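K.L.:
Number of protein chains: 2
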Amino acid sequence: MKILIRNVLLNGETTDIYINEGKIEAIGSSLTRDADKVINGEGKVAVPSFINGHTHAAMTLFRGYADDMPLRRWLEEKIWVLEAKLTEEDVYWGAKLACLEMIKNGITVFNDMYWHWEATAKAAFEMGLRAYISAVFIDMFDRKRAEEQIELNLHLYDLSKKYSPNVVFTLGPHAIYSVSEFSLLWVSEFSRKNGVFVHMHVAETEDEVKFAKERYGTSVVDFLDSLGLISERFVGCHGCWLTEEECEILGRKGAKIVHMPVSNMKLAVGKVVPHLLFSKYGISYCLGTDGCASNNHLDMIETMKFASLLAKFATGDPTVLPAYEVFQLATKKAAFCFHLGEWEIKVGSTVDIILLDLKRPEFVPNFDLYSDIVYAANGSCVDTVICMGNVLMEDRKVPNEEEIMENARRIARSLVDRDR
Amino acid sequence: MKILIRNVLLNGETTDIYINEGKIEAIGSSLTRDADKVINGEGKVAVPSFINGHTHAAMTLFRGYADDMPLRRWLEEKIWVLEAKLTEEDVYWGAKLACLEMIKNGITVFNDMYWHWEATAKAAFEMGLRAYISAVFIDMFDRKRAEEQIELNLHLYDLSKKYSPNVVFTLGPHAIYSVSEFSLLWVSEFSRKNGVFVHMHVAETEDEVKFAKERYGTSVVDFLDSLGLISERFVGCHGCWLTEEECEILGRKGAKIVHMPVSNMKLAVGKVVPHLLFSKYGISYCLGTDGCASNNHLDMIETMKFASLLAKFATGDPTVLPAYEVFQLATKKAAFCFHLGEWEIKVGSTVDIILLDLKRPEFVPNFDLYSDIVYAANGSCVDTVICMGNVLMEDRKVPNEEEIMENARRIARSLVDRDR
């Protein structure tokens with residue numbers, strides 16, 4: 000598809016942008032090119048789309064079902080009870096709703112970990128998003144479950160080609176307290192041989208840190224590193240309780256960390272990510288929303304504001320994580336984490352593009368675009384979304400959105416009453 | 000004006016609501032009443048409007064002009080430099096923009112403190128909002144300035160009748176470090192005699208606490224109480240550094256506190272309001288956005304999420320400030336703080352009403368309306384706003400919004416280059 004965006008604001012100047020099959024071929028005023036689709040960019044600004052570094056897409060089905068509860072009770076009495084009933088069809092509609100919500104908020108890439116892998120892959124593929132998807136790998140230290148999980152992952156790895164190029168298969172060992180050493184070694188080996196990302200919860204809670212100490216006599220990262228897991232393919236999520244020593248290892252090995260400020264605050268995990276150590280040790284990190292049961296909104300603009308303000312509050316320093324820096328964490332630096340290439344709007348780039356509507360109070364007077372995006376705007380300011388050369392949203396309209404909401408609503412409500 | 004809202008969701012049931020001259024006269028299905036205006040409520044839910052407990056409306060003009068700076072430098076090098084140039088006309092358009100933004104986000108009442116009192120009053124009056132407005136009262140311990148300020152306030156108190164019933168005059172002694180004891184005594188006396196609210200920054204920063212100790216040998220609240228200022232007419236803003244002893248006084252005297260989670264985090268004031276003490280001592284409190292230079296968005300839905308999550312994070316307890324409780328802080332409890340009467344949608348009430356659009360991903364599946372509003376929604380989910388019996392917004396459209404944005408944009412930009 001050939002897309003011509005007319006008279007849009009880009010880096011402070013009004014220009015045209017020409018995209019051919021997902022690649023930016025020309026930027027300049029009054030471009031004369033054939034286009035299948037012409038978009039009027041007047042009153043709008045073009046920026047790279049947002050990348051959601053960690054979510055559980057289908058958990059949109061649980062939005063508002065259980066909040067304001069202690070983590071353990073929330074999981075055991077509410078979330079796991081519903082999750083046990085989930086079918087492929089349920090996850091498909093939950094993931095569709097998540098994709099719709101992410102598109103509405105200008106997100107074109109998400110990194111997912113959930114049950115019923117193919118349902119999420121199909122949803123992302125149909126909605127036209129880019130997705131890194133892992134199946135939740137949990138064996139609870141049971142060899143039989145471990146072998147089933149390995150078999151499943153081998154199957155999904157082959158199956159994933161069907162959803163290429165949108166979907167990338169990744170490995171999703173849940174966390175050190177739910178996956179055996181045996182399985183983690185397999186994950187490590189498979190990741191190394193096939194160049195596959197490892198997507199894992201790391202040092203999210205104090206309990207996890209204690210678990211590592213008690214079971215393995217070491218830190219979370221040290222343990223994972225001893226299994227060869229810490230590499231440039233490792234994407235560790237949360238990382239609230241990481242120590243200086245662990246950050247040194249992560250930085251040296253080129254591992255990535257995804258920070259979830261909203262979820263961490265809502266579940267009161269007790270610590271903020273040590274982002275000053277991330278900088279000190281050169282760790283690449285980015286931001287994620289987490290799933291809708293613990294956020295409950297898939298909006299990276301909101302997440303940027305929380306990330307910046309939480310960092311300022313926790314350090315007592317209002318100069319920490321300024322607007323442009325946090326914008327990069329949600330775009331360019333996230334793209335680096337996921338090997339997505341240069342995430343900048345320039346000729347030759349395959350970056351996804353969103354247009355923000357400047358005719359809103361949030362963008363008046365518009366002294367600083369990045370300040371306005373991070374501190375004043377929200378996902379509803381996104382007007383147009385272009386991903387892999389296709390227009391996914393225009394004038395805030397996404398095809399079939401009513402059908403998706405209707406099905407997700409029906410399924411979520413039926414889930415509560417349904418027997419397992 | 001007679002307004003009939005048809006088939007809207009209210010407390011879980013679909014019903015009609017009939018409003019006559021700002022008073023709810025009937026609630027029930029298939030009402031047969033004459034109406035000047037019929038609103039289709041299908042797919043929408045009716046809730047009380049939001050009350051913004053503390054802002055500086057015209058500071059929308061400074062949105063994005065200076066962020067990520069230490070508080071002192073931010074004030075001295077940026078904000079005060081621009082403020083010194085402000086004219087009545089500038090403040091008028093800045094306040095108009097703020098009113099527009101608040102209407103868009105479902106806010107119908109705001110408590111303001113700023114320069115050029117009448118400009119804000121006129122803006123609020125024209126936009127149809129309810130506003131408690133104080134002139135910033137600063138004398139910097141100079142008797143001549145004090146007398147000028149007193150004279151000005153006497154004048155504004157008379158003038159305020161012109162903007163009734165929308166606008167209520169309040170007294171705005173800025174803070175203990177910028178207003179002399181002489182002036183504070185006058186404020187105290189005038190407030191008592193005329194039943195006027197006192198709107199003041201209280202215990203926002205550690206420096207303020209030190210100032211009270213050094214100059215007056217006591218705490219901020221103890222000092223104010225010795226001047227007779229702490230009463231049910233006292234609205235203290237921020238209160239991050241309040242001690243147990245101060246909370247006891249505030250509770251006993253029936254004073255109110257307004258909490259600004261976003262501003263407090265962004266400026267890194269170093270402490271979170273002691274809300275557990277507020278409950279313990281029965282202090283009525285509510286929420287505010289603060290001005291656009293330190294937030295930078297006048298959205299009480301966003302502020303509710305920040306308030307709840309900051310409270311959970313700071314206490315390490317995810318059960319603190321649950322969704323419904325924080326929703327009440329932005330509606331019913333705020334109405335109590337400002338003597339607005341019962342802020343509930345029921346027959347006989349003069350509550351302002353907003354309709355939220357449920358046909359958005361944020362409200363799917365909609366297990367819990369208050370959770371969805373606080374944790375998933377944002378101001379852009381507001382579809383319709385009714386204030387004092389008038390429709391201020393319908394289908395997210397506000398009259399003259401382009402003109403307001405255009406003028407505010409022009410003025411804000413001219414301000415930077417303008418000589419004093």
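In order, the protein sequences belong to chains A and B. Its first residue numbered 0, the first sequence is counted upward by one per residue in numbering that gives the first Met the number 0. Its first residue numbered 0, the second sequence is counted upward by one per residue in numbering that gives the first Met the number 0. Ideal Cβ placement from N, Cα and C applies to all residues, glycine included. Fair warning: this is a prediction, and the values are worked out from it, not measured in the lab.
For Ala-57 (chain B), count neighbouring C-beta atoms within 10 Å of its own C-beta (all shown protein chains included) and say buried if the count is 16 or more, exposed if not.
P.N.:
Per the 10 Å Cβ criterion, buried.
K.L.:
For the stretch 251-267 of chain A, list every residue whose C-beta sits within 8 Å of some C-beta in chain B, in sequence order.
P.N.:
Here the close residues are Val-261, Asn-263, Met-264, Lys-265, Leu-266 and Ala-267.
K.L.:
By the criterion of Cβ-Cβ separation under 7 Å, what are the contact partners of Pro-398 (chain A) in chain B?
P.N.:
Per Cβ cutoff of 7 Å: no residues; Pro-398 (chain A) is ~14 Å from chain B at best.
K.L.:
If you measure beta-carbon to beta-carbon, which residues of the stretch 40-63 of chain B are closer than 9 Å to chain A?
P.N.:
Per Cβ criterion, the list reads Thr-59, Leu-60, Phe-61, Arg-62 and Gly-63.
K.L.:
Considering Arg-32 (chain A), what are the terminal residues of the alpha helix (DSSP H) in which it resides?
P.N.:
Arg-32 (chain A) -> no alpha helix (DSSP H), and no H or E assigned at all.
K.L.:
8 Å is my cut-off, CB to CB: does Ala-322 (chain B) come that close to chain A?
P.N.:
At least one chain A Cβ lies under 8 Å of Ala-322 (chain B).
K.L.:
Taking the continuous alpha helix (DSSP H) assigned at Phe-335 (chain B), which residues delimit it?
P.N.:
331-336 is the span of the alpha helix (DSSP H), which, as asked, contains Phe-335 (chain B).
K.L.:
Output, in chain order, the set of chain B residues within a Cβ distance shorter than 9 Å of Pro-69 (chain A).
P.N.:
Going along chain B in sequence order, the residues near Pro-69 (chain A) (Cβ under 9 Å) are Asp-316, Pro-317 and Thr-318.
K.L.:
Using a 10 Å radius around the Cβ and a threshold of 16 neighbouring Cβ atoms, would you call Thr-107 (chain B) buried or exposed?
P.N.:
When all chains shown are included, Thr-107 (chain B) counts as buried.
K.L.:
Taking one C-beta from the stretch 403-417 of chain A and one from the stretch 361-377 of chain A each time, how about it: are there three or more such pairs within less than 8 Å?
P.N.:
In short, these stretches do not touch, since the Cβ pair count stays below three.
K.L.:
Counting only the same chain and skipping the five closest in sequence on each side, list residues whose C-beta sits under 8 Å from that of Gly-388 (chain A).
P.N.:
For Gly-388 (chain A), where only same-chain residues beyond five positions count, the Cβ hits under 8 Å are Met-0, Ile-2, Ile-18, Asn-19, Glu-20, Gly-21 and Lys-22.
K.L.:
In chain A, what lies closer than 7 Å to Phe-312 (chain B) by C-beta?
P.N.:
Result: Met-264 and Ala-267.
K.L.:
Which of the three DSSP states, helix, strand or coil, is assigned to Ala-25 (chain B)?
P.N.:
It is a strand residue.
K.L.:
Using a beta-carbon distance cut-off of less than 9 Å, what residues from the stretch 351-378 of chain A approach chain B?
P.N.:
Of all residues in the stretch 351-378 of chain A, Lys-358, Arg-359, Pro-360, Glu-361, Phe-362, Val-363, Pro-364, Asn-365, Phe-366, Asp-367, Leu-368, Tyr-369, Ser-370, Asp-371, Val-373, Tyr-374, Ala-375, Ala-376, Asn-377 and Gly-378 have a Cβ within less than 9 Å of some Cβ in chain B.
K.L.:
What residue range does the alpha helix (DSSP H) around Phe-181 (chain B) cover?
P.N.:
Note, Phe-181 (chain B): alpha helix (DSSP H), 180-193.
K.L.:
Where are the alpha helix (DSSP H) runs, 4 residues long or more, that stay fully inside the stretch 320-396 of chain B, in chain order?
P.N.:
Those alpha helix (DSSP H) runs which fall completely within the stretch 320-396 of chain B and span 4+ residues are 322-328 and 331-336.
K.L.:
Leu-355 (chain B) and Val-37 (chain B) - do their beta-carbons sit closer together than 8 Å?
P.N.:
Their beta carbons are not under 8 Å apart, which means Val-37 (chain B) does not touch Leu-355 (chain B) by this criterion.
K.L.:
Thinking just about the alpha-carbon of each residue, which of B:Phe-49, B:Gly-63 and B:Ile-16 is nearest to the one in Glu-361 (chain A)?
P.N.:
Comparing Cα positions, the closest option is B:Gly-63.
K.L.:
Kindly indicate the opening and closing residues of the beta strand (DSSP E) around Arg-129 (chain B).
P.N.:
Here the beta strand (DSSP E) through Arg-129 (chain B) covers 129-136.
K.L.:
So, is Met-264 (chain A) buried or exposed, given that buried needs 16 or more other C-beta atoms within 10 angstroms?
P.N.:
With 16 or more Cβ atoms within 10 Å of its Cβ, Met-264 (chain A) is classed as buried.
K.L.:
Helix, strand or coil: how does DSSP classify Thr-107 (chain B) here?
P.N.:
Three-state DSSP puts Thr-107 (chain B) in a strand.
K.L.:
Mind checking if Leu-99 (chain A) is an interface residue toward chain B, Cβ cutoff 8 Å exclusive?
P.N.:
Taking Cβ atoms only, chain B reaches closer than 8 Å to Leu-99 (chain A), which makes this a yes.
K.L.:
Please confirm if Lys-103 (chain B) has its CB atom under 8 Å from at least one CB of chain A.
P.N.:
Judged by the 8 Å Cβ criterion, Lys-103 (chain B) is in contact with chain A.
K.L.:
Between Asp-289 (chain A) and chain C, is the shortest Cβ-Cβ distance under 8 Å, so that the two count as touching?
P.N.:
Any reference to chain C falls outside this structure, whose protein chains are A and B.
K.L.:
So which of A:Ala-83, A:Val-166, A:Asp-367 and A:Phe-305 has the shortest CA-CA distance to Asn-10 (chain A)?
P.N.:
When each option's Cα is compared against that of Asn-10 (chain A), the closest is A:Asp-367.
K.L.:
Grouping DSSP H, G and I as helix and E and B as strand, with all else coil, what is Leu-153 (chain B)?
P.N.:
Residue state, collapsed to three classes: helix.
K.L.:
Reducing DSSP to helix, strand and coil, say where Lys-84 (chain A) ends up.
P.N.:
Reduced to three states, the DSSP call for Lys-84 (chain A) is coil.
K.L.:
For Asn-110 (chain B), would you say it is in contact with chain A, using Cβ-to-Cβ distances shorter than 8 Å as the test?
P.N.:
Answer no: the Cβ-Cβ gap between Asn-110 (chain B) and chain A never drops below 8 Å.
K.L.:
Whose CA, out of A:Lys-270, A:Asn-104, A:Phe-61 and A:Cys-386, lies closest to the CA of Ala-83 (chain A)?
P.N.:
Comparing Cα-Cα distances from Ala-83 (chain A) to each of A:Lys-270, A:Asn-104, A:Phe-61 and A:Cys-386, the minimum goes to A:Phe-61.
K.L.:
In three-state terms, what does DSSP make of Leu-286 (chain B)?
P.N.:
Of the three classes helix, strand and coil, the one that applies to Leu-286 (chain B) here is strand, per DSSP.
K.L.:
What do you get for Asp-371 (chain B), buried or exposed, if any count of 16 or more other CB atoms within 10 angstroms of its CB means buried?
P.N.:
Asp-371 (chain B) should be labelled buried.
K.L.:
Against chain B, with Cβ distances strictly below 8 Å, would Asp-89 (chain A) count as a contact?
P.N.:
False, the Cβ-Cβ gap to chain B never drops below 8 Å.
K.L.:
Given a threshold of 16 other Cβ atoms within 10 Å of its Cβ, counted over all protein chains shown, does Asn-193 (chain B) qualify as buried or as exposed?
P.N.:
Classification for Asn-193 (chain B): exposed.
K.L.:
Below 8 Å on the Cβ atoms is my guess for Lys-255 (chain A) versus Val-271 (chain A); work out the distance and round it to an integer in Å.
P.N.:
The pair is not a contact, with the Cβ atoms about 18 Å apart (cut-off 8 Å).
K.L.:
Please report the straight-line C-alpha distance between Glu-150 (chain B) and Asp-298 (chain B), rounded to a whole angstrom.
P.N.:
Their Cα atoms are separated by approximately 35 Å.
K.L.:
From this set, B:Leu-228, B:Glu-180, B:Cys-285 and B:Glu-188, which residue's C-alpha is nearest Arg-214 (chain B)'s C-alpha?
P.N.:
Among B:Leu-228, B:Glu-180, B:Cys-285 and B:Glu-188, the Cα nearest to that of Arg-214 (chain B) belongs to B:Glu-180.
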